[in-house]
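So the structure is just underneath, and the comments pick up after that.
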Amino acid sequence: MHVALLANTAWLDEELANYQHLVVGLLDEQVRVTPVVPETFAESSVLEAVQPITWRDSAWAWSRRLALTRLADRLAKGKVELIHALDGRLWDGAVRLARRLELPVVLRVGSALDLRAVPAALRLAGDLPLAFTAATQPLADAVLPMLPINPQGHERLTLVPPGVYVASQSELPAVEDQTLCIVISGSGAVDPAYQAVLAALRQIIGEHSQVQLFFDSQGKDEHALWQAARGHGLLAHMSLVPRRLGHRELLLHADVLIHPQALGRARSLLLQAMARGLPVLARRDPWVDYLIDEQTCWLVDRDEPADWLELVRRVVQEPKRARVLGHAARQWVREHHGASRQVTTTADLYRQLAAQPIRFPGPSSRK
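Now the structure itself:
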């Protein structure tokens, strides 16, 4: 089995560790993997064991589609047997590439934004063996009604939760009395959700001056976030974490992770934090099934400063309770989101899908 694993800049920036686990794990499962990654990731350490194929990523959908379809000859020469696209922005190009090579294709649904592209992907694929994977159960439940009955016998949809490495007890940081470091990781858009968190943190710092804040911004306009923090008097206590390859893994050395927004997508950063026993404070998100109040995290239901203030105060004033939450989350992730489970489920799907014949309609049946 030889699989081309397609990823783009935005997805790798967010899910680099997950990509690494998937590539290495599939190799252990005797699946040959050719990473198809943007040129800027060609020298990444994640690709040490394999030879990648690079492409020029773009913010324009038509440019991404063209760049991916141009890879057909190289993938055919390498005798690739299946295409797997890891981000919804790659679906169109991935399906066109699979049709050109007459190969099965797997499309990952990781965000509520991907749902609107499901019907178009199905139409474009036609009789091509096509399967979707869903990162969470709510996403799977939303995709399922869109799928036609499949006469070819393979499953059109498989739940493949993101997997993470769960640290052993000896690898966890020692608990010491020190400055409380809080990471705030969201979209970077200064919306009511972010404003509520900033207002709560302003009051926390007024009560506990040793708190340090690290803002992980996915957005391009960090100046707006800086201005909002200045408006709340937080500049002396904050740092903006620059977007560099693997920078999100560095954030896991903090003491607390705040996820201020319901982004409607699966982020393995939250699972990585839980796997390290970090207390996670998050906005409730109906699309993310691993945010379970009092078991994997503490949740708020509103964009209200008072709600966030209560949770952050709980961490500061009841550190033992926060450690109990982190331990419970770590155990839950070990049971439900181990990296090996993601790999074996994915490999099984590949083998099932690649065994299916491709039935393209004949000339007389085409309209």
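Per my numbering, the very first residue in the sequence shown carries number 2; after that it's consecutive.
Glycine included, every Cβ here is placed at the ideal spot set by N, Cα and C.
For the set A225, A135 and W92, the Cα lying nearest the Cα of R124 is the one of W92. DSSP places V110 in the uninterrupted beta strand (DSSP E) bounded by V106 to V110. The closest CA to that of G265, considering only D286, E15, E16 and S186, is found on D286. With 16 or more other Cβ atoms from the protein chains shown falling within 10 Å of its own Cβ, S186 counts as buried.
Nearest in C-alpha terms to L350, of all of R157, Q138, T137 and L202, is R157. The Cβ atoms of V106 and A99 lie closer than 8 Å to each other. Comparing alpha carbon positions, the residue from F216, R97, G26 and Q138 closest to A121 is R97. Within the same chain, Cβ atoms closer than 6 Å to the Cβ of A200 are found at P306, the five residues on either side in sequence being excluded. In this structure T35 is buried. Its beta-carbon is surrounded by 16 or more other beta-carbon atoms within 10 angstroms. According to DSSP, residue pairing for P306 in a beta bridge does not occur. The shortest CA-to-CA distance from A329 to any of G89, T297 and Q353 is the one to T297. When DSSP states are grouped into helix, strand and coil, S188 belongs to the coil group. Remark: three or more beta-carbon pairs, one from each stretch, lie closer than 8 Å, so the segment 71–86 and the segment 5–24 are flagged as touching.
Between N19 and P39, the C-beta gap is not smaller than 8 Å, which leaves the two residues out of contact.
With fewer than 16 neighbouring CB atoms inside 10 Å of its own CB, D29 falls in the exposed class. Residue pairing by DSSP puts V281 in a beta bridge opposite L258.
Taking the Cα positions, Q332 is about 35 Å away from A230. Taking the Cβ atoms as the reference, G111 lies roughly 12 Å from Q343, outside the contact range of under 8 Å.
L27: not part of any beta strand (DSSP E); member of the alpha helix (DSSP H) spanning T10 to D29, first to last residue.
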